[in-house]
Amino acid sequence: MPKVEVNWEKCTGCGTCVDVCPVGVFELQNIPEYPDTQKSNPVNADECIQCMACVTQCPEEAITVEE
(Lines of atoms letter the chains of each structure in order from A and count residues from 1; the text may use other names and numbers.)
(Lines give C-alpha, C1' and ligand atoms only; values in the text may rest on other atoms or scores of the structure.)
Protein backbone atom coordinates (compact mmCIF):
# COMPACT_ATOMS: atom_id res chain seq x y z
CA MET A 1 0.00 0.00 0.00
CA PRO A 2 1.40 3.42 -0.90
CA LYS A 3 2.30 5.91 1.79
CA VAL A 4 0.68 9.29 1.07
CA GLU A 5 1.79 12.26 3.15
CA VAL A 6 0.93 15.95 3.15
CA ASN A 7 3.31 18.46 4.69
CA TRP A 8 0.84 20.72 6.48
CA GLU A 9 3.52 23.37 6.92
CA LYS A 10 3.53 23.79 3.12
CA CYS A 11 -0.12 23.00 2.34
CA THR A 12 -2.27 26.10 1.72
CA GLY A 13 -5.55 24.22 1.41
CA CYS A 14 -6.01 25.16 -2.24
CA GLY A 15 -7.80 21.88 -3.02
CA THR A 16 -5.89 21.04 -6.18
CA CYS A 17 -5.12 17.54 -4.90
CA VAL A 18 -8.79 16.98 -4.12
CA ASP A 19 -9.69 18.01 -7.68
CA VAL A 20 -7.03 15.99 -9.53
CA CYS A 21 -7.11 12.72 -7.56
CA PRO A 22 -9.12 10.19 -9.58
CA VAL A 23 -9.87 7.98 -6.57
CA GLY A 24 -10.70 10.51 -3.84
CA VAL A 25 -7.71 10.11 -1.56
CA PHE A 26 -7.83 13.67 -0.19
CA GLU A 27 -10.28 15.77 1.77
CA LEU A 28 -9.89 19.32 3.01
CA GLN A 29 -10.26 19.29 6.76
CA ASN A 30 -9.84 21.51 9.78
CA ILE A 31 -6.61 20.57 11.54
CA PRO A 32 -6.40 21.86 15.15
CA GLU A 33 -2.72 22.79 14.81
CA TYR A 34 -3.57 25.04 11.82
CA PRO A 35 -6.77 26.91 12.73
CA ASP A 36 -6.51 29.58 10.02
CA THR A 37 -7.14 27.36 7.00
CA GLN A 38 -8.22 23.87 6.05
CA LYS A 39 -5.50 21.43 5.06
CA SER A 40 -5.46 18.50 2.69
CA ASN A 41 -5.70 15.20 4.53
CA PRO A 42 -5.16 11.84 2.77
CA VAL A 43 -8.07 10.15 4.54
CA ASN A 44 -8.43 7.46 1.86
CA ALA A 45 -4.73 6.76 1.30
CA ASP A 46 -5.45 3.04 0.93
CA GLU A 47 -7.26 3.89 -2.34
CA CYS A 48 -4.15 5.51 -3.88
CA ILE A 49 -3.22 4.12 -7.32
CA GLN A 50 0.10 6.01 -7.43
CA CYS A 51 -0.82 8.05 -10.50
CA MET A 52 1.16 10.94 -8.94
CA ALA A 53 -1.31 13.58 -10.16
CA CYS A 54 -1.40 15.11 -6.68
CA VAL A 55 2.38 15.28 -6.47
CA THR A 56 2.83 16.88 -9.89
CA GLN A 57 -0.07 19.33 -9.55
CA CYS A 58 0.45 20.55 -5.97
CA PRO A 59 1.67 24.16 -6.32
CA GLU A 60 3.36 24.03 -2.91
CA GLU A 61 5.11 20.66 -3.43
CA ALA A 62 3.51 19.54 -0.16
CA ILE A 63 2.61 15.95 -1.13
CA THR A 64 4.74 12.83 -1.25
CA VAL A 65 3.72 9.35 -2.37
CA GLU A 66 5.96 6.37 -1.65
CA GLU A 67 5.57 2.61 -1.96
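Numbering (the numbering used here), first residue to last: 6 to 72. Beta carbons are placed, not taken as given, at the ideal position from N, Cα and C, and that holds for glycine.
Which residue's Cα is closest to the Cα of residue 47: 36, 38, 31? Here residue 47 corresponds to residue number 42 of the sequence shown, with the count starting at 1. It is 31 whose Cα lies nearest to the Cα of residue 47.
In the stretch 27 to 62, which residue ranges form an unbroken beta strand (DSSP E) of at least 3 residues, counting only runs that do not cross its ends? 32 to 36, 39 to 46
Cα-Cα, which of 15, 24, 8, 7 is closest to residue 59? Indexing the sequence shown from 1 puts residue 59 at position 54. Taking only the C-alpha atoms, the option nearest residue 59 is 24.
Label residue 68 either buried or exposed according to how many other C-beta atoms from any shown protein chain fall within 10 Å of its C-beta, with 16 as the threshold for buried. Here residue 68 refers to the residue found at position 63 when the sequence shown is read from its first residue. When all chains shown are included, residue 68 counts as buried.
Tell me where the beta strand (DSSP E) around residue 69 begins and ends. Here residue 69 is taken as the residue at index 64 of the sequence shown, counted from 1. From DSSP, the beta strand (DSSP E) with residue 69 extends over 68 to 71.
Among 42, 17, 21, 29, nearest to residue 62 - alpha-carbon criterion: Within the sequence shown, residue 62 is the residue found at index 57, counting from 1. Among 42, 17, 21, 29, the Cα nearest to that of residue 62 belongs to 21.
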